[in-house]
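S.K.: Per the working numbering, numbering through the sequence shown is continuous, rising by one, with the last residue being 709. We put the beta carbon where it would ideally sit given N, CA and C, even for glycine. None of the values given here were measured: they were computed from a predicted structure.
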Amino acid sequence: LKISFGGGTVMGLGVAGLAVFGLSLIFILLLGQFMDGANDFYINMTVVLESLAGFSLGAESIALFARVGGGIYTKAADVGADLVGKVEAGIPEDDPRNPATIADNVGDNVGDVAGMGADLFGSYVATVLASMVLGNYIIRDMSLDQGSQFSDAFNGMGPILLPLVLAGVGIVASILGTLFIRIKDNSAKEAQVQKALNTGNIFAILITLVASWFLIDYLLPETINGMQFFGEGAKDIPATNVFYATIVGLGVGYLISLFTEYYTALGKKPVLDIVQNSSTGAATNIIAGLSVGMISTASSVLLFAAAIWGSYALAGFYGVAIAASAMMATTAMQLAIDAFGPIADNAGG
């Protein structure tokens, strides 16, 4: 666990760190180029964020090829190796006598490490950037409500900086969360390893939650004036509502991980149902697998819908954006856990 998860941590922290570093560096460079004071703050900042969107576009473009291309290779190598090994040659899965095992293990790295990393890199950048754009709208609305340009200790950029700083805090929380991933000895069973990974994830979320309270109190005004709501017009909301939206995002992110574990873990009812249906042949195995896969999406869809509704009711579209940023804040930990699997699989042959 120590070596495998250590390798996964490098990948997770690398992806999240490069995303935040890249966004921050380009944002600072663009501020120096466009924020000259000649035009209105909102207009200049809009130009900055529109230019920054190119970074997100590049990340998503690479993610498309890495994720889709890598996924196709991964499954082709996996199915091919299993067919020629278990069906034709009658040897166990991942047996060193089967040359296709090498392609299978490489495919795990391509799909679950490189592909997943590129995919979440793009999603991570896009989420933070979208939140920054909505933060710019918040500044505009507050300025219109006050009749003068909104100002704070951060040159009037507090709502824009919050998602970026929250992402950075999530990386630190993920680093601290890795310290809680421990097992008693190397003979630990699967349930113990899963429990250790869940513990690290929970601590990362809790650390992010506590830190977000201080961040919101520090970066946002006590009351956000003139926030626009559909059918209600402009409303004044307390900054604590943004913190509650953060709780919604972190909570939904954790619940989705629990539902994912339930539908995919050994010993759980969905997997046992597929095993039972497999006893009557390949056809019932495929039907059972498809049905469980489709049912498993229902919980995530409902949770996302509830999160959007709840965070919007609390803090409008900015609340939805901050909830999404909070959900993605512990991406480093999630990626570390994800990359842990292929590394351990490769070590097993």
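Taking the alpha-carbon of Val-407 as reference, which of Gly-366, Gly-392 and Ser-660 has the nearest alpha-carbon?
M.R.: For the purposes of this step, residue 407 is taken as residue 47 along the sequence shown, with counting starting at 1. It is Gly-392 whose Cα lies nearest to the Cα of Val-407.
S.K.: According to DSSP, Lys-595 sits in a beta bridge with which residue or residues?
M.R.: Against the sequence shown, residue 595 aligns to sequence position 235. Paired residue(s): Met-587.
S.K.: Ala-513 by DSSP, collapsed to three states: which one?
M.R.: If you number the sequence shown from 1, residue 513 lands on position 153. Ala-513: coil per DSSP, three-state reduction.
S.K.: With 16 as the cutoff for other CB atoms within 10 Å, does Gln-694 come out buried or exposed?
M.R.: Position 334 of the sequence shown, counting from 1, holds the residue named residue 694. So Gln-694 ends up on the buried side.
S.K.: Should the segment 681-691 be regarded as contacting the segment 524-541, the criterion being three or more beta carbon pairs within less than 8 Å?
M.R.: Yes, they touch.
S.K.: What whole-angstrom Cβ distance do Gly-377 and Phe-415 have, given they're in contact under 8 Å?
M.R.: Residue mapping note: residue 377 aligns to position 17 of the sequence shown, counting from 1. Residue mapping note: residue 415 aligns to position 55 of the sequence shown, counting from 1. Not really, about 15 Å apart at Cβ, beyond 8 Å.
S.K.: If I'm right that Ala-594 touches Asp-501 with Cβ under 8 Å, what's the distance once you round it to whole angstroms?
M.R.: Locating residue 594 in the sequence shown gives position 234, where the first residue counts as 1. Locating residue 501 in the sequence shown gives position 141, where the first residue counts as 1. Contact flag correct, Cβ pair sits at about 7 Å.
S.K.: Apart from the five residues just before and just after Asp-438, which ones in its own chain have a Cβ nearer than 7 Å to its Cβ?
M.R.: One-based indexing of the sequence shown puts residue 438 at position 78. Cβ neighbours of Asp-438 beyond the five flanking positions: Asp-464 and Gly-467.
S.K.: Specify the secondary structure class of Ile-363 as computed by DSSP and reduced to three states.
M.R.: For the purposes of this step, residue 363 is taken as the residue at position 3 of the sequence shown. DSSP places Ile-363 in helix when its eight states are reduced to three.
S.K.: Spatial neighbours of Leu-373 within its chain, please: C-beta separation below 6 Å, excluding the five flanking residues on both sides.
M.R.: Translated into positions along the sequence shown, residue 373 becomes position 13. Answer for Leu-373: Ala-692, listed in chain order.
S.K.: So for Gly-320, helix, strand or coil by DSSP?
M.R.: Examination of residue 320 is not possible in this model, given that the chain is present from 361 through 709 alone.
S.K.: Taking only three categories from DSSP, how would you classify Glu-448?
M.R.: The count along the sequence shown starts at 1 and reaches residue 448 at position 88. Of the three classes helix, strand and coil, the one that applies to Glu-448 here is helix, per DSSP.
S.K.: Would you report the Cα separation of Val-646 and Val-602, rounded to the nearest angstrom?
M.R.: To locate residue 646, count along the sequence shown from 1; it is residue 286. To locate residue 602, count along the sequence shown from 1; it is residue 242. Per the sequence presented here, residue 646 reads as Ile, with Val not at that position. Answer to the nearest angstrom: the Cα atoms are 44 Å apart.
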